Amino acid sequence: MGRFKWLEVDPKKGGGSGGDETSRAAGAAEKAARKVENMTGAPKNAATGEKTSQFGKTAESDGVIYDADYFKNNGLKDYEACEYDQALLNFSKCLSENNKDEEAWLYQILTQIHLGKYPDALIWAKKAFGFFPSSSEAQAMLALALALAGEKDSAMAYSDGAVAKNAPNYFLWFARGEVLLQLENINNAFICFRKCADFKQVAGAKNLDFEIAMALLRAKRHTQALSYFKKAIQGGVCNFFIYEKIAYLNETLEFLDEALFYYRQSLNLKAANSAAQEGESRVRSQNTFFIKMFNKMYKFFKLGGQKNE
1 MGRFKWLEVD PKKGGGSGGD ETSRAAGAAE KAARKVENMT GAPKNAATGE KTSQFGKTAE
61 SDGVIYDADY FKNNGLKDYE ACEYDQALLN FSKCLSENNK DEEAWLYQIL TQIHLGKYPD
121 ALIWAKKAFG FFPSSSEAQA MLALALALAG EKDSAMAYSD GAVAKNAPNY FLWFARGEVL
181 LQLENINNAF ICFRKCADFK QVAGAKNLDF EIAMALLRAK RHTQALSYFK KAIQGGVCNF
241 FIYEKIAYLN ETLEFLDEAL FYYRQSLNLK AANSAAQEGE SRVRSQNTFF IKMFNKMYKF
301 FKLGGQKNE
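UniProt numbering puts the first residue of the sequence shown at 1, with every later residue one more than the last.
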């Protein structure tokens with residue numbers, strides 16, 4: 001029976017009731033084993049008795065099958081937790097198992113964009129559109145990747161083409177909204193972002209304020225981005241990444257005390273966070289500089305404009 005040893009019957013421990021009872025028990029065990037196999041939906045390897053996915057990955061003894069869906073689902077969890085490097089790894093594993101999973105392609109592209117890897121995002125977006133030329137989602141994400149690469153005229157043309165396919169979806173409206181942001185068409189950008197809210201089943205739409213904040217940050221609309229990041233926190237988003245971004249925006253806007261607070265909040269949630277470590281060090285040095293400057297100015301004016309020799 002191999003993996004189902006807990007269902008096997010040892011005839012030496014039959015309890016003295018004879019062969020009939022042993023046969024019945026063995027039959028029940030075999031039936032249960034078949035039921036477990038049907039529930040997992042994975043065939044057995046004839047040589048080893050182990051279960052494998054359709055992509056050739058071996059299951060562990062707990063019944064988990066490491067197939068494309070497994071890696072994609074883990075990637076989506078990482079994405080929602082803003083663990084983008086790990087998300088990239090999982091989406092890549094998913095696509096190595098099943099390169100026809102369009103959702104994994106789309107999140108691979110968006111994850112690279114969140115990490116600021118715009119050239120890589122454009123390469124993947126072109127590949128995705130090659131696989132799915134009739135998809136409005138793949139075309140919309142190619143438009144966004146083009147916009148972030150500075151090819152804004154081409155980006156708008158691809159975005160218009162995606163809308164013309166008359167298949168509205170989250171990725172279409174989010175990507176178009178950010179393309180319009182990059183073109184400084186702010187009012188129409190927010191009309192598109194509001195349309196994203198109709199697609200709550202999509203991982204990105206669950207934290208739509210956060211996604212909009214990231215788009216605003218990339219467009220260097222810092223005050224608006226800060227406002228949307230704070231809305232995202234009020235909506236329940238709480239992780240090291242969002243605190244680091246809030247800290248960075250406060251630092252950029254020269255609210256140094258707030259920046260220091262949020263950098264430390266980020267480090268409390270993830271100590272091995274190099275962006276927050278560098279930010280905290282940077283802000284502390286700036287704070288020290290301004291304090292010294294203030295003290296020198298205070299002493300200067302207190303002494304009536306004379307240096308204290």
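Note that the Cβ used here is the ideal one computed from N, Cα and C, for glycine as well.
Please read these numbers as outputs of a predicted model, since none were measured by experiment.
According to the neighbour-count rule (16 or more other Cβ atoms, all chains shown, within 10 Å of its Cβ), is residue i buried or exposed?
i	result
Val64	exposed
Ser61	Low local confidence applies: a pLDDT of 48 at Ser61 is under 50, so the model's placement there is unreliable, with the coordinate-based value given in what follows. Exposed, since its Cβ has fewer than 16 Cβ neighbours within 10 Å.
Gln234	exposed
Lys220	exposed
residue 358	The structure shown does not extend to residue 358, since the chain is modelled only from 1 through 309, so no value can be given for it.
Cys192	buried
Leu110	buried
residue 351	The displayed coordinates of the chain run from 1 to 309. Any statement about residue 351 would go beyond what the structure contains.
Gly150	exposed
Asp78	buried
Gly116	exposed
Lys12	Bear in mind that a pLDDT of 42 at Lys12, under 50, signals an unreliable position, so the number given afterwards is only what the model happens to contain. Per the 10 Å Cβ criterion, exposed.
Ser159	buried
Glu211	buried
Pro119	exposed
Ala59	With a pLDDT of 49 at Ala59, under the threshold of 50, the predicted position of this residue should be treated as unreliable, though the coordinate-derived value follows. When all chains shown are included, Ala59 counts as buried.
Lys200	exposed
Lys100	exposed
Val202	buried
State yes or no: is the C-beta of residue i within less than 8 Å of the C-beta of residue j?
i	j	result
residue 368	Lys270	Because the chain is modelled from 1 through 309, residue 368 falls outside the range shown and cannot be assessed.
Gln182	Ala147	yes
Leu95	Gln108	yes
Leu208	Ala197	yes
Leu253	Gln286	no
Glu102	Phe71	no
Tyr263	Ala272	no
Glu258	Gly279	no
residue 312	Tyr243	In the structure displayed, the chain extends from 1 to 309; residue 312 sits before or after that span and is not available.
residue 326	Tyr84	This structure cannot settle anything about residue 326, because the visible part of the chain is limited to 1 through 309.
Lys245	Leu217	yes
Between residue i and residue j, which are expected to be in contact by the criterion C-beta below 8 Å, what is the C-beta distance as a whole number of angstroms?
i	j	result
Leu249	Ala225	6 Å
Ala81	Phe91	No, Ala81 and Phe91 are not in contact; Cβ-Cβ is about 14 Å, not under 8 Å.
Phe129	Gln139	6 Å
residue 315	Leu260	For residue 315 there is no data in the structure shown, the boundaries of the chain being 1 and 309.
Taking only heavy atoms of the ligand SAM into account, decide whether any of them is closer than 7 Å to the Cβ of residue i.
i	result
Leu267	In the structure on display, the ligand SAM does not appear, and there are no ligands present to speak of.
Which ranges would you report for the alpha helix (DSSP H) in the segment 163-200 if only whole runs of at least 4 residues count? 170-182 and 186-196
Three Cβ pairs or more, each shorter than 8 Å: is that satisfied between the segment 163-178 and the segment 131-144? Short answer: they touch.
When the Cβ atoms of the segment 126-139 are set against those of the segment 150-165, are three or more pairs found closer than 8 Å? yes
In chain order, which alpha helix (DSSP H) runs of at least 4 residues are fully inside the segment 197-277? 203-206, 208-218, 222-234, 240-252 and 256-269
Let me know the alpha helix (DSSP H) ranges lying completely inside the segment 68-122, each 4 residues or longer, listed in chain order. Qualifying alpha helix (DSSP H) stretches, in chain order: 68-80, 84-97 and 102-114.
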